[in-house]
Amino acid sequence: MLTELEQLQEDPKLRVLDPDLPILASEAAIDIENILSNGPVDLTAIHRLAERLNNSIEAGIAGGAPRSLMDPATLSVLSEAMLQSGGGFTSHSVADLLSEAFRIAGELSRGDPGSNRSSLEQARDFCVALSRAAMAYHRSIRDLSPSHPFRR
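This is the structure we're talking about:
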(Lines of atoms letter the chains of each structure in order from A and count residues from 1; the text may use other names and numbers.)
(Lines give C-alpha, C1' and ligand atoms only; values in the text may rest on other atoms or scores of the structure.)
Protein backbone atom coordinates (compact mmCIF):
# COMPACT_ATOMS: atom_id res chain seq x y z
CA MET A 1 0.00 0.00 0.00
CA LEU A 2 1.35 3.40 -0.99
CA THR A 3 1.64 6.18 1.54
CA GLU A 4 0.21 9.60 0.78
CA LEU A 5 3.67 11.03 0.08
CA GLU A 6 4.45 8.23 -2.39
CA GLN A 7 1.12 8.84 -4.13
CA LEU A 8 1.94 12.54 -4.47
CA GLN A 9 5.32 11.72 -5.99
CA GLU A 10 3.84 9.21 -8.45
CA ASP A 11 1.12 11.58 -9.65
CA PRO A 12 2.87 14.40 -11.53
CA LYS A 13 0.12 16.98 -10.96
CA LEU A 14 0.43 20.25 -9.13
CA ARG A 15 -0.77 19.71 -5.56
CA VAL A 16 -0.45 22.24 -2.78
CA LEU A 17 -0.10 19.46 -0.19
CA ASP A 18 3.06 18.23 -1.91
CA PRO A 19 5.84 19.12 0.56
CA ASP A 20 8.29 19.59 -2.35
CA LEU A 21 6.23 22.22 -4.18
CA PRO A 22 7.73 25.32 -2.48
CA ILE A 23 11.25 24.01 -3.05
CA LEU A 24 10.54 23.01 -6.66
CA ALA A 25 9.08 26.43 -7.46
CA SER A 26 12.01 28.26 -5.86
CA GLU A 27 14.52 26.04 -7.69
CA ALA A 28 12.74 26.81 -10.97
CA ALA A 29 12.92 30.54 -10.15
CA ILE A 30 16.66 30.23 -9.47
CA ASP A 31 17.20 28.35 -12.73
CA ILE A 32 15.26 31.02 -14.65
CA GLU A 33 17.33 33.74 -12.98
CA ASN A 34 20.48 31.89 -14.06
CA ILE A 35 19.21 31.86 -17.64
CA LEU A 36 18.42 35.58 -17.47
CA SER A 37 21.87 36.43 -16.08
CA ASN A 38 23.72 34.13 -18.53
CA GLY A 39 24.83 31.83 -15.70
CA PRO A 40 24.95 28.04 -15.70
CA VAL A 41 21.82 26.59 -17.29
CA ASP A 42 20.01 23.71 -15.60
CA LEU A 43 16.47 23.08 -16.86
CA THR A 44 15.60 20.17 -14.56
CA ALA A 45 13.45 22.06 -12.02
CA ILE A 46 11.91 24.22 -14.74
CA HIS A 47 10.80 21.19 -16.74
CA ARG A 48 9.52 19.36 -13.64
CA LEU A 49 7.37 22.35 -12.66
CA ALA A 50 6.18 22.76 -16.25
CA GLU A 51 5.25 19.07 -16.38
CA ARG A 52 3.22 19.40 -13.20
CA LEU A 53 1.44 22.49 -14.50
CA ASN A 54 0.75 20.85 -17.87
CA ASN A 55 -0.61 17.72 -16.17
CA SER A 56 -2.89 19.84 -13.98
CA ILE A 57 -4.55 21.79 -16.79
CA GLU A 58 -6.45 20.18 -19.61
CA ALA A 59 -6.39 22.19 -22.82
CA GLY A 60 -9.78 23.35 -24.05
CA ILE A 61 -11.42 21.43 -26.85
CA ALA A 62 -11.85 23.35 -30.12
CA GLY A 63 -10.32 26.53 -28.75
CA GLY A 64 -12.42 26.51 -25.58
CA ALA A 65 -11.24 27.49 -22.13
CA PRO A 66 -8.80 25.16 -20.37
CA ARG A 67 -10.11 22.88 -17.64
CA SER A 68 -8.60 22.43 -14.20
CA LEU A 69 -7.58 19.00 -12.91
CA MET A 70 -6.51 20.47 -9.55
CA ASP A 71 -8.17 20.35 -6.18
CA PRO A 72 -9.72 23.64 -4.91
CA ALA A 73 -6.91 24.34 -2.44
CA THR A 74 -4.26 24.09 -5.17
CA LEU A 75 -6.35 26.26 -7.46
CA SER A 76 -6.62 28.86 -4.70
CA VAL A 77 -2.86 28.87 -4.10
CA LEU A 78 -2.25 29.09 -7.86
CA SER A 79 -4.59 32.08 -8.03
CA GLU A 80 -2.78 33.77 -5.15
CA ALA A 81 0.55 33.19 -6.86
CA MET A 82 -0.75 34.69 -10.11
CA LEU A 83 -2.04 37.78 -8.32
CA GLN A 84 1.18 38.24 -6.32
CA SER A 85 3.53 37.70 -9.26
CA GLY A 86 2.85 41.18 -10.60
CA GLY A 87 2.52 40.07 -14.21
CA GLY A 88 -0.57 42.19 -14.77
CA PHE A 89 -2.96 39.36 -13.96
CA THR A 90 -6.04 40.97 -12.46
CA SER A 91 -8.88 38.68 -13.46
CA HIS A 92 -10.68 36.63 -10.85
CA SER A 93 -12.22 34.05 -13.19
CA VAL A 94 -10.98 30.48 -13.16
CA ALA A 95 -10.86 30.34 -16.96
CA ASP A 96 -8.50 33.33 -17.14
CA LEU A 97 -6.38 31.90 -14.34
CA LEU A 98 -6.03 28.58 -16.14
CA SER A 99 -5.26 30.28 -19.46
CA GLU A 100 -2.47 32.28 -17.85
CA ALA A 101 -1.10 29.23 -16.02
CA PHE A 102 -1.23 27.26 -19.29
CA ARG A 103 0.72 30.05 -21.00
CA ILE A 104 3.39 30.03 -18.26
CA ALA A 105 3.62 26.23 -18.42
CA GLY A 106 4.18 26.52 -22.16
CA GLU A 107 6.91 29.08 -21.60
CA LEU A 108 8.62 26.80 -19.08
CA SER A 109 8.30 23.77 -21.37
CA ARG A 110 10.22 25.33 -24.24
CA GLY A 111 13.47 23.77 -25.31
CA ASP A 112 15.07 27.22 -25.55
CA PRO A 113 13.52 29.19 -22.69
CA GLY A 114 15.80 32.21 -23.12
CA SER A 115 14.22 33.39 -26.38
CA ASN A 116 11.65 35.76 -24.84
CA ARG A 117 13.13 37.69 -21.91
CA SER A 118 9.97 39.45 -20.69
CA SER A 119 7.86 36.29 -20.53
CA LEU A 120 10.76 34.51 -18.83
CA GLU A 121 10.85 37.26 -16.19
CA GLN A 122 7.11 36.85 -15.66
CA ALA A 123 7.59 33.10 -15.29
CA ARG A 124 10.35 33.69 -12.73
CA ASP A 125 8.13 36.06 -10.74
CA PHE A 126 5.33 33.49 -10.87
CA CYS A 127 7.66 30.76 -9.56
CA VAL A 128 8.75 32.95 -6.65
CA ALA A 129 5.13 33.82 -5.85
CA LEU A 130 4.09 30.16 -6.13
CA SER A 131 6.82 29.14 -3.71
CA ARG A 132 5.74 31.79 -1.21
CA ALA A 133 2.02 31.01 -1.55
CA ALA A 134 2.58 27.26 -1.15
CA MET A 135 4.77 27.82 1.91
CA ALA A 136 2.16 30.14 3.43
CA TYR A 137 -0.49 27.46 2.85
CA HIS A 138 1.69 24.83 4.53
CA ARG A 139 2.21 27.18 7.49
CA SER A 140 -1.51 27.86 7.78
CA ILE A 141 -2.29 24.13 7.83
CA ARG A 142 0.38 23.54 10.46
CA ASP A 143 -0.98 26.38 12.60
CA LEU A 144 -4.43 24.78 12.62
CA SER A 145 -3.22 21.81 14.60
CA PRO A 146 -3.68 22.29 18.34
CA SER A 147 -0.56 22.80 20.38
CA HIS A 148 0.35 20.46 23.18
CA PRO A 149 -1.57 21.28 26.39
CA PHE A 150 1.60 21.61 28.48
CA ARG A 151 3.33 23.87 25.97
CA ARG A 152 3.39 27.59 26.64
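Start counting at 1 in the sequence shown, then tack on 627, and there's your number in this note's numbering.
Every residue gets a Cβ at the ideal spot worked out from N, C-alpha and C, and that includes glycine.
Among residues of its own chain, excluding the 5 on either side of F777, which ones have a beta-carbon nearer than 6 Å to its beta-carbon?
-> Exclusion of the five residues before and after F777 leaves no residue of its chain whose Cβ lies closer than 6 Å to its Cβ.
Quick one: is D645 buried, meaning 16 or more other Cβ sit within 10 Å of its Cβ, or exposed?
-> buried
Could you name the residues that DSSP lists as bridge partners for S745?
-> DSSP output for S745 lists no bridge partner at all.
In terms of residue numbering, what span does the alpha helix (DSSP H) encompassing N682 cover?
-> Here the alpha helix (DSSP H) through N682 covers 671-683.
Do the region 751-769 and the region 653-669 touch if we need at least three Cβ pairs shorter than 8 Å?
-> yes
Which parts of the region 702-769 are runs of the alpha helix (DSSP H), unbroken and 4 residues or longer, counting only runs that do not cross its ends?
-> As far as the region 702-769 is concerned, its whole alpha helix (DSSP H) runs of at least 4 residues are 721-736.
With 16 other CB atoms within 10 Å as the buried threshold, where does T717 fall?
-> exposed
Are three or more beta carbon pairs between the region 681-692 and the region 723-737 nearer than 8 Å?
-> Judged by pairs of C-beta atoms under 8 Å, the region 681-692 touches the region 723-737, as three or more such pairs exist.
C-alpha gap between K640 and N665, whole angstroms | Their backbone Cα atoms lie some 30 Å apart in a straight line.
Looking at C-alpha atoms only, which residue of G738, E734, L680, S653 is the closest neighbour of M697?
-> L680
For L702, which residues from the same chain have a beta carbon less than 8 Å from its beta carbon, with the 5 sequence-adjacent residues on both sides left out?
-> Excluding positions up to five away in sequence, the list reads S695, V721, L724.
Report yes if the CB atom of A761 is closer than 8 Å to the CB atom of A652, and no otherwise.
-> yes
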